[in-house]
Amino acid sequence: MPPVQYRPQSAKDVGAVPRTGRLSEREVVLPWWYRGASQDGMRLLVYYVEGNGCSEKFLGFAVTESPTAVELAPVAREAEESEATCPAVMLLARTGHIDLQEPLGKRQLLHTAVTNP
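Here the sequence shown is numbered in our numbering, starting from 66 and rising by one per residue.
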């Protein structure tokens with residue numbers, strides 16, 4: 066799918082979850098898709114899965130920037146077994162934007178591997 070024109074007024078701001086090192090045992094990485102960037106390259110528009118609304122709670126995006134790449138990972142926390150009492154499982158998807166510290170420019174946009182609980 067080609068990138069769409071960036072429209073900040075229609076995007077929910079998902080923010081960024083600062084993280085270092087490995088994810089905790091109960092956190093999972095969810096799928097996302099690149100939709101476009103602002104003209105200055107400082108903001109990315111993404112379509113992402115927010116979890117299933119029951120046994121996963123969306124925490125936000127882990128964003129790692131380097132001089133050569135930007136890595137994105139939407140992170141959710143798995144509920145304890147006793148907390149997961151939903152009758153049906155569904156995936157919640159959203160569109161949002163992520164602000165970068167530096168313009169994307171020629172840096173690679175990387176997708177952290179999706180984890181399966």
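Backbone N, C-alpha and C fix where the C-beta goes; we use that ideal spot for every residue, glycine too. Being a predicted model, the structure only gives us computed values, none of them experimental.
Secondary structure note for Arg100: its beta strand (DSSP E) is the uninterrupted segment 97-102. Counting other Cβ atoms within 10 Å of its Cβ, Leu174 stays below 16 and is therefore classed as exposed. In the same chain as Val179, and ignoring 5 residues on each side of it, the C-beta atoms closer than 6 Å to its own belong to Val94, Pro96, in chain order. For Glu92, the uninterrupted beta strand (DSSP E) run begins and ends at 92-94, by DSSP. When only Cα atoms are considered, Gly116 and Asp105 end up about 30 Å apart.
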